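Residue numbers (this note's numbering), protein chains in the order written: chain A, 7 to 162; chain B, 7 to 162.
The following block contains the structure:
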């Protein structure tokens, strides 16, 4: 099984979704040791979950199947370049490699905000469209101190 | 109820987590029309879900409670500046405003990769630490075409 085969499965998932009312036309597959360990399609609208992008769904499925929060050694195949949420999810999951078909520009042409979100995420907090206010810094930092002092903490 | 009150609740959730083995020391609260509609703490390690950051957990809870994928009109209170995954989740959820306590630098000092992920997300695909390969562009684009031609599609 090669990259084309697994990416074709991700694209097939995106095609199934495209003609449904379940969510956006996106599909993703997580592969480890040569086999599919999780897959998903976008379920934002039908599951009432703005985080249910194909990559997030596939990562959550893979982690549930393998009983771990760490997908080191895995490859993700996605029908479209991940949005910043999904890219960071891939990084947090410690996935090794990504294979994709469409670009953020393709997604933008179909009405999705991925490209604009990439611009927003790259800006300093106070330059973004999302208003932000910072408060209670010292109170907030106490949690990090307590974490560092906790012998049972599990780093990730 | 003011910003300090709701942010204090998010910080309290982060403190509870900090002395547990459930996940990282992060908490978040989503407020709409002056009341809490969803809250969450980080559950990455105990739920085997690398996407279970406090903000994502709180957004999913709020959307489930309200039966919608759109949190326009809501405010998110988070114990720490969101990572790129959570920031993009906030943007996808169309949340109006963000109030936060700690910064990405505070998180980095406690061993978390948020600041490095911000750098990675801002880079062009081929300049990132995550290897990426692009294939089957034309096949992938067919899903966007099918979506645009689908009269039942639900934009988000």
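We put the beta carbon where it would ideally sit given N, CA and C, even for glycine.
Only a predicted model underlies this, so the values are computations on that prediction, with no experimental measurement involved.
DSSP three-state assignment for residue i, whether helix, strand or coil
i: residue 25/B; result: coil
i: residue 84/A; result: strand
i: residue 49/B; result: coil
i: residue 33/B; result: strand
i: residue 132/A; result: helix
i: residue 14/B; result: helix
i: residue 89/B; result: coil
i: residue 120/A; result: helix
Chain B within 8 Å of residue i, Cβ atoms only
i: residue 117/A; result: yes
i: residue 73/A; result: yes
i: residue 67/A; result: no
i: residue 15/A; result: no
i: residue 138/A; result: yes
i: residue 128/A; result: yes
Rounded separation between residue i and residue j - CA only
i: residue 202/B; j: residue 95/B; result: Missing from the structure shown is residue 202/B; chain B here goes from 7 to 162 and no further.
i: residue 86/B; j: residue 108/B; result: 4 Å
i: residue 122/A; j: residue 97/B; result: 10 Å
i: residue 149/B; j: residue 27/B; result: 42 Å
i: residue 140/B; j: residue 102/A; result: 15 Å
i: residue 114/A; j: residue 42/B; result: 33 Å
i: residue 21/B; j: residue 120/A; result: 33 Å
Chain A within 8 Å of residue i, Cβ atoms only
i: residue 112/B; result: yes
i: residue 152/B; result: yes
Cβ-based burial, residue i [other Cβ within 10 Å; buried from 16]
i: residue 130/B; result: exposed
i: residue 154/B; result: exposed
i: residue 15/B; result: buried
i: residue 161/B; result: exposed
i: residue 84/B; result: buried
Residue i - partner residues in DSSP beta bridges
i: residue 159/A; result: Paired residue(s): none; residue 159/A is not in a bridge.
i: residue 41/B; result: 38/B
i: residue 104/B; result: 138/A, 82/B
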